[in-house]
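One structure is given here, and the rest of the page talks about it.
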Amino acid sequence: MPLPSSNFSMSLCLAAGLAAVFYFSQAASQTAQEVQDDHALIPFALPKSGPFTPAEIEIGNDKAISDWFRSAHANAASEAFSHWDDDGEVRAACATCHSGEGFRDFHGLDGTEVGVVNGTIDVGGVVDCGTCHNAGLAEISEVTFPSGIVHPVTGVEASCLTCHQGRAAGLTVERATADKALDAPDSTLRFINPHYATAAATWLGGYGRAGFQYEDRTYSGRFFHARPVASCNSCHEPHTLEVAFEPCLTCHEANSPQDIRIARQSYDGSGDTSVGIRSDIMANADTLLDMIEDYSREVVGVPVIYDGTRYPYFFTDANGDGVIDMVDGAPVAYEAWTPRSLRTAFNWKLVTADPGNYAHNPQYTLELLYDSIDDLSTPLGIDMDDLNLLR
Numbered sequence: 008m009p010l011p012s013s014n015f016s017m018s019l020c021l022a023a024g025l026a027a028v029f030y031f032s033q034a035a036s037q038t039a040q041e042v043q044d045d046h047a048l049i050p051f052a053l054p055k056s057g058p059f060t061p062a063e064i065e066i067g068n069d070k071a072i073s074d075w076f077r078s079a080h081a082n083a084a085s086e087a088f089s090h091w092d093d094d095g096e097v098r099a100a101c102a103t104c105h106s107g108e109g110f111r112d113f114h115g116l117d118g119t120e121v122g123v124v125n126g127t128i129d130v131g132g133v134v135d136c137g138t139c140h141n142a143g144l145a146e147i148s149e150v151t152f153p154s155g156i157v158h159p160v161t162g163v164e165a166s167c168l169t170c171h172q173g174r175a176a177g178l179t180v181e182r183a184t185a186d187k188a189l190d191a192p193d194s195t196l197r198f199i200n201p202h203y204a205t206a207a208a209t210w211l212g213g214y215g216r217a218g219f220q221y222e223d224r225t226y227s228g229r230f231f232h233a234r235p236v237a238s239c240n241s242c243h244e245p246h247t248l249e250v251a252f253e254p255c256l257t258c259h260e261a262n263s264p265q266d267i268r269i270a271r272q273s274y275d276g277s278g279d280t281s282v283g284i285r286s287d288i289m290a291n292a293d294t295l296l297d298m299i300e301d302y303s304r305e306v307v308g309v310p311v312i313y314d315g316t317r318y319p320y321f322f323t324d325a326n327g328d329g330v331i332d333m334v335d336g337a338p339v340a341y342e343a344w345t346p347r348s349l350r351t352a353f354n355w356k357l358v359t360a361d362p363g364n365y366a367h368n369p370q371y372t373l374e375l376l377y378d379s380i381d382d383l384s385t386p387l388g389i390d391m392d393d394l395n396l397l398r
């Protein structure tokens, strides 16, 4: 018996509704699965296998890494980082600044005791990313210098000032020469090396007491440059280490940082103020080295020769023939130091160990040179007025 037309219509609607529910349920289920697949976590840093070029891999800090990789801080083959290769490990006394691992160990950033390198530090390390980007740097509030001065720091300053402060200070020389006759050679004295790239020591000046400072003299303190120069990174690009010269032109007219003149008077006696202050510093440094050599020959009676290519740099020339004495194929280190010659040689080496002294603290640099020249002038019978130098 045929269904009434109204019941038939209702059946058709019910069937259509069930079909629609089934269809949309399937569709919804597939869509959710597809969305889940699209957002699945891929636990790999490298792209999927197949042909690709490294340039296609996006690295957010690629420029910084490339700059660092080409800088002196990353040059594992340099003497600064390869000196200990034959030993198989970096000595604890050197590791703080000659490997990122040692730096973190010294400052306790690896969870070890602060202020000492505890573990064996493997060779091959450099000033790596973790040396300057470790989150623990924010916790370092002060850095102690060889003179004993404790200087406050913030952030990455801790990295710069830890490793560019040198390894000795004028106080080291004072202790070594205490109670000794000023011009008497003493075989127990050895050359005291302030170390290398001592920019932070120069920067703090008389306040940091890096140089041998004479009791009756006053010394310029930390070099406060004009704004916006406030830290190492104000002038040095932190990854390439290159100096940004353009900001200098805001106040200075020069073709290079070395050509900048900070004074209208001549410090080296030449009277030439058309050159950068670096020229005065270099001239006075040359004068001081000449006087150290004259003093060793005329006052001490044992000539000395400086050779910057090998440690300990100052060597004996007993017969005065201008050639370093050799024993068993090795140069003879100078051992006729007097307190006077040792302290002047220390100041000379400190000044010349910082090639950027003319920018880091030219006043302090010139003061150390002048006072050291003045110190040697007395036993050499030189009238300082004749040299026409300015302090």
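The sequence shown begins at 8 in the working numbering and counts up one residue at a time. Heads up, the beta-carbon is just placed ideally off N, CA and C, and yes, glycines get one too. Remember, it's a predicted structure, so these values are computed and weren't measured experimentally.
Nearest to residue i by alpha carbon, out of the options?
i              : options                           : result
glycine 462    : Pro338, Ala208, Glu146 and Trp210 : Outside the displayed range of the chain (8 to 398) lies residue 462, so it cannot be described from this structure.
alanine 360    : Arg174, Gln265 and Gly67          : Arg174
glutamine 265  : Glu253, Val306, Val282 and Ala185 : Val282
valine 307     : Trp344, Tyr313, Ala100 and Asn326 : Trp344
isoleucine 299 : Leu387, Gly329 and Ser273         : Leu387
arginine 182   : Ser154, Ser194, Leu397 and Ala204 : Ser154
aspartate 223  : Glu63, Asp382 and Asn395          : Asp382
threonine 257  : Gly177, His80 and His232          : His232
alanine 204    : His80, Ser89, Asp393 and Gly329   : His80
tyrosine 221   : Ala145, Gly126, Asp186 and Leu376 : Leu376
serine 194     : Asp393, Tyr341 and Asp392         : Tyr341
With a CB to CB cut of under 8 Å and the five nearest residues on each side skipped, what residues in its chain are close to residue i?
i                 : result
isoleucine 147    : His114, Val160 and Ala165
serine 227        : Gly212, Gly213, Asn368, Gln370, Tyr371 and Glu374
isoleucine 331    : Ile312, Asp314, Phe322, Thr323, Asp324, Pro338 and Val339
aspartate 390     : Ser384
tryptophan 91     : Val97, Arg98, Cys101, His105 and Val130
phenylalanine 252 : Ser263 and Pro264
Within this structure, are the beta carbons of residue i and residue j separated by less than 7 Å?
i              : j                 : result
threonine 209  : asparagine 368    : yes
valine 133     : alanine 188       : no
glycine 213    : asparagine 354    : no
isoleucine 128 : alanine 102       : yes
valine 334     : phenylalanine 321 : no
aspartate 279  : alanine 290       : no
glycine 215    : isoleucine 269    : no
aspartate 190  : arginine 347      : yes
histidine 259  : tryptophan 75     : no
valine 124     : alanine 142       : no
proline 319    : phenylalanine 152 : no
valine 358     : alanine 292       : yes
leucine 248    : serine 78         : yes
leucine 178    : glutamine 272     : no
Let me see if you follow: with CB-CB separation under 7 Å, is residue i close to chain D or not?
i           : result
leucine 357 : The chain labelled as chain D is not found in the depicted structure, where only one protein chain is given.
Could you pull out every residue in the same chain whose Cβ sits closer than 7 Å to the Cβ of residue i, ignoring the five residues on either side in sequence?
i             : result
alanine 206   : His171, Asp361, Gly363 and His367
leucine 168   : Val150, His158, Val160 and Ala207
glutamine 95  : The identity of residue 95 in the sequence shown is glycine, whereas the question assumes glutamine. Closer than 7 Å at Cβ, skipping near neighbours: Val130.
valine 121    : His114 and Gly115
valine 250    : Cys242, His243 and Pro264
glycine 107   : Gly132, Val133, Val134, Asp135, Gly137 and Thr138
arginine 350  : Val180, Thr184 and Phe219
serine 32     : With a pLDDT of 45 at serine 32, under the threshold of 50, the predicted position of this residue should be treated as unreliable, though the coordinate-derived value follows. No residues qualify anywhere along the chain.
serine 238    : Glu164
aspartate 117 : Arg111
tyrosine 302  : Ser348, Leu383, Pro386 and Leu387
Determine the extent of the beta strand (DSSP E) in which residue i is found, giving its start and end residues.
i                 : result
proline 346       : Per DSSP, proline 346 belongs to no beta strand (DSSP E); it is in the alpha helix (DSSP H), 346-359.
histidine 259     : From DSSP, histidine 259 is part of no beta strand (DSSP E); its letter is neither H nor E.
arginine 312      : Going by the sequence as given, residue 312 is isoleucine instead of arginine. Start and end: 311-313.
histidine 140     : No beta strand (DSSP E) holds histidine 140; the alpha helix (DSSP H) holding it covers 136-140.
phenylalanine 322 : 321-323
histidine 158     : 157-159
glutamate 146     : It is not in any beta strand (DSSP E) - glutamate 146 carries neither H nor E in the DSSP assignment.
Sorted by chain position, which residues of the same chain lie with C-beta nearer than 6 Å to residue i's C-beta, five sequence neighbours on each side aside?
i              : result
arginine 285   : Gln265 and Tyr365
cysteine 139   : Val163 and Ser166
leucine 211    : Arg229
tyrosine 30    : Annotation note: pLDDT 42 at tyrosine 30 (below 50); position unreliable, no value reported.
serine 379     : Leu295, Thr351 and Asn354
lysine 356     : Pro201
glycine 327    : Pro310
serine 192     : Note that residue 192 is proline in the sequence shown, not serine. Taken in chain order, the residues that qualify are Val307, Ala343 and Thr345.
alanine 261    : Ile267
asparagine 395 : Gly276
alanine 71     : His246
Is residue i near the ligand MG, in the sense that its beta carbon is under 6 Å from a heavy atom of that ligand?
i          : result
serine 148 : Although the ligand MG was asked about, the structure shown includes no ligands whatsoever.
For the alpha helix (DSSP H) containing residue i, list its first residue and its last residue.
i                : result
tyrosine 341     : First-last for tyrosine 341: undefined, no H or E at that position.
threonine 372    : 369-387
tyrosine 302     : 284-302
phenylalanine 76 : 69-76
serine 277       : First-last for serine 277: undefined, no H or E at that position.
cysteine 167     : 164-170
aspartate 390    : Taken as a continuous stretch (DSSP letters only), aspartate 390 belongs to no alpha helix (DSSP H), as it is neither H nor E.
valine 180       : 177-184
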